[in-house]
Amino acid sequence: MITNCDYLPSNLTELPASGVTMQIISWPCAFFLLLGCVAAFILNDGPTSSSSHLSEHSESPLRIGSMNVQVFGRTKIHLPVVRHWLPKILARYDVVLIQEIRDITGTAFDDLWHLVNEELRTQHVNDIYDKVVSGRLGRTTSKEQYGFLFRKSKLQVSDTYQYPDPGDIFEREPFTVRFRAPHAAVGDFAISAIHTSPNHAKDEIGNLTKVYDAIRQHWHIEVRVTAVSKFN
Ligand SMILES: *[C@@H]1O[C@H](CO)[C@@H](O)[C@H](O)[C@H]1NC(C)=O
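Numbering that gives the first Met the number 0 applies: residue 0 is where the sequence shown begins, and numbers increase by one.
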């Protein structure tokens, strides 16, 4: 299932309620000024493919989101509005991808991770988020990272895979995380993150089949694209 939310609601109750299985959300928020392109896709090797089927059999649905936080670094993490709202939004998801981490100090994403965990404590939620982050990617000195936050009670990272990009097709090579979700119907699945280059989005998206094939070979699994987010 794909859901796009083209605005940041002033009232968080406007955000989708719980109970949606395998939901992909992308927010090209006016608030954060959308410049780039956002995409995440999910691959899973489970026997099922449709959301409705999963929700029937899933004891514990997973809420999955993707957010481009637009030049996310020290400056942005210090903005009061970001510190106030971002953790509240992210804490609604079991796994959420943060795109466009541009932070030479490598500390802004850690700060965000701490803020989301503080948010859980504020809400008296007895859980904690873990994180996994890619290397710094990009052809120019302006490097970006992909970062995932995920609920420890529901998910574990079993492996990561950085696409080597032999033909140098991708400005920021897709980063794939393989998750285990022991209590969810989807079980073993992977999420690939890509922040496409606005000028070459068409070629990059067209070449995602190469990434897909590489993932299959790398992990020796049959995978199926279950959901695709907004690619611009
Ligand atoms: C893959 O990218 C190259 C440019 O790097 C482009 O010429 C080609 O058309 C792309 N392939 C697809 C299927 O989009």
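Each residue gets a CB set at the ideal place from its N, CA and C atoms; glycine is no exception.
{"query": "Beta-carbon proximity check, Leu136 vs Ile97, cutoff 9 Å", "result": "no"}
{"query": "Buried versus exposed, by CB contacts within 10 Å (16 or more), Leu34", "result": "Because Leu34 carries a pLDDT of 32, less than 50, the predicted location of this residue cannot be relied on, and no value is offered for it."}
{"query": "Of the residues Ile76, Leu119, Arg82, the one placed nearest Thr106, counting alpha carbons only", "result": "Ile76"}
{"query": "Through-space distance from Ala183 to Pro60, alpha-carbon basis", "result": "6 Å"}
{"query": "Helix, strand or coil at Thr175 [DSSP, three-state]", "result": "strand"}
{"query": "Three-state class that DSSP yields for Thr74 in the structure shown", "result": "helix"}
{"query": "Closer than 8 Å: Glu170 CB and nearest ligand 1 heavy atom", "result": "no"}
{"query": "Given 8 Å, three or more beta-carbon pairs between the segment 166-182 and the segment 117-128", "result": "no"}
{"query": "C-alpha gap between Gly64 and Trp84, whole angstroms", "result": "15 Å"}
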